[in-house]
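Asker: Here the numbering used here is used: the first residue of the sequence shown is -7, the next is one more, and so on.
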Amino acid sequence: MKYQDNISAIVKCKPDFIGFIFYPGSPRFIDNHRTNCILEEDKSSQTVGVFVNSDLNLVIETVQNLQLDYVQLHGNESALYVAKLKEADCKIIKAFQMIDNFEWARLNEFTENISYFLFDTPSEKYGGSGSRFNWKKLRQYKENKGFFLSGGIAFNDLDDIRNSDIPEPYCIDINSMFEIEPGVKDAALVDIFIKKVKTKI
-7 MKYQDNISAI VKCKPDFIGF IFYPGSPRFI DNHRTNCILE EDKSSQTVGV FVNSDLNLVI
53 ETVQNLQLDY VQLHGNESAL YVAKLKEADC KIIKAFQMID NFEWARLNEF TENISYFLFD
113 TPSEKYGGSG SRFNWKKLRQ YKENKGFFLS GGIAFNDLDD IRNSDIPEPY CIDINSMFEI
173 EPGVKDAALV DIFIKKVKTK I
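Shown next, in the form of structure tokens:
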């Protein structure tokens, strides 16, 4: 999310979370100044700052300055890095790319310091692939933490998610498949999708 008018339209759809990309390598990157101006007006959804292998102090400073609710770590951040963020009173969503032969034991060292996991399609660009991963991998998920399901989920995929025999996601990521262009969501499509999710239609 990058532009005030689009964010205002999306906020009216009442998403549980709204994310801001602070990864300069992403076409959805937004700087702190613009984010601050936006957040001064809209704070009804939980705000998430998305970072990729960023300097720890920069993440903490950004969270504090913008009063973000969550940090989403979408890179190769270590368990020690995550623990230090937790010590700085940051609530954390830790993303993992669902590569072939993903080692689920990796999650153990993160569990006590994070609020949620996020599972995404492998991508050299750390997201925005527009592709789904094989959800059957999630049958092996045993952690006592809610998770975000991400990775190329489209408007018509909701029934597939509900009918799959995987643990129920805590949250579904409305991603690039709902975009008009990078960083600009189709508010009408998002509104219908969120209503379907929340009303169990």
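All C-beta atoms, glycine included, are put in the ideal place defined by N, C-alpha and C.
In the structure shown, what three-state DSSP assignment does L60 receive?
Answerer: coil
Asker: DSSP three-state label for V189, please.
Answerer: helix
Asker: Q38 bridges to which residues according to DSSP?
Answerer: DSSP lists F9 as the bridge partner or partners of Q38.
Asker: Note the first and the last residue of the continuous alpha helix (DSSP H) segment covering D152.
Answerer: Going by DSSP, D152 is part of the alpha helix (DSSP H) stretching over 150 to 155.
Asker: Ordered along the chain, which non-local residues of its own chain (more than five positions away) have a Cβ less than 6 Å from that of G11?
Answerer: V40, V42
Asker: For P16, count the other beta carbons within 10 Å of its own beta carbon; 16 or more makes it buried, fewer makes it exposed. Which is it?
Answerer: exposed
Asker: Roughly how many angstroms lie between the CA atoms of S46 and F139, to the nearest whole one?
Answerer: 22 Å
Asker: In angstroms with no decimal places, state the Cα-to-Cα distance between V74 and F9.
Answerer: Straight-line measurement puts the Cα of F9 at about 20 Å from the Cα of V74.
Asker: What residues match up with E160 in a beta bridge as DSSP calls it?
Answerer: BP columns for E160 are empty, so no partner.
Asker: Please state the DSSP three-state secondary structure of F147.
Answerer: helix
Asker: Taking the alpha carbon of V3 as the point to measure from, which residue in E95, I166, F147 has its own alpha carbon closest?
Answerer: I166
Asker: CA-CA distance, N136 and A180?
Answerer: 34 Å
Asker: Any contact between the region 140 to 150 and the region 99 to 107? By contact I mean 3 or more CB pairs, one from each, below 8 Å.
Answerer: no
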